[in-house]
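Novice: Below is one structure. I have some questions about it.
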Amino acid sequence: MPNTPHQLADEFPEHLATIRHLRAVDGHFHRICEDYQAVNLAIHRAETDIEPVADLGMIDMRKARMRLKDEIYGMLTQPEKAAEDP
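Quick note, in the working numbering, the sequence shown goes up one by one and the last residue is 1102.
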């Protein structure tokens, strides 16, 4: 859904090039981005009553999104490990 809020490009516009690069070269980063997008879409669908969920389910999904977003941000702001590897 193009109008889904909280897309990574909207959350981290200053890191778009890094996001693209890491998704291409880092399997773990790619997976957590995919997980983030899936949770974010589920939250959007619940908030718009396309697929309603119980309040506790919504809380759990939002916590999961925040954990993933924190991990993504941490990876975006840490020095590139690939440059250190031989």
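Using N, Cα and C, we set each Cβ at its ideal position, and we do this for glycine too.
Decide yes or no for the touch test of the region 1066-1075 against the region 1029-1047: beta carbon pairs closer than 8 Å, at least 3 of them.
Specialist: no
Novice: With C-beta atoms as the reference, is residue 1078 less than 8 Å away from residue 1048?
Specialist: no
Novice: Smallest Cα separation from residue 1056: which of 1091, 1090, 1092, 1085?
Specialist: 1085
Novice: Kindly list the residues whose CB is nearer than 6 Å to the CB of residue 1031, restricted to its own chain and excluding five residues on each side of it in sequence; keep chain order.
Specialist: 1092
Novice: Once you ignore the five residues that flank residue 1061 on each side, which residues in its own chain have a CB closer than 7 Å to its CB?
Specialist: 1067
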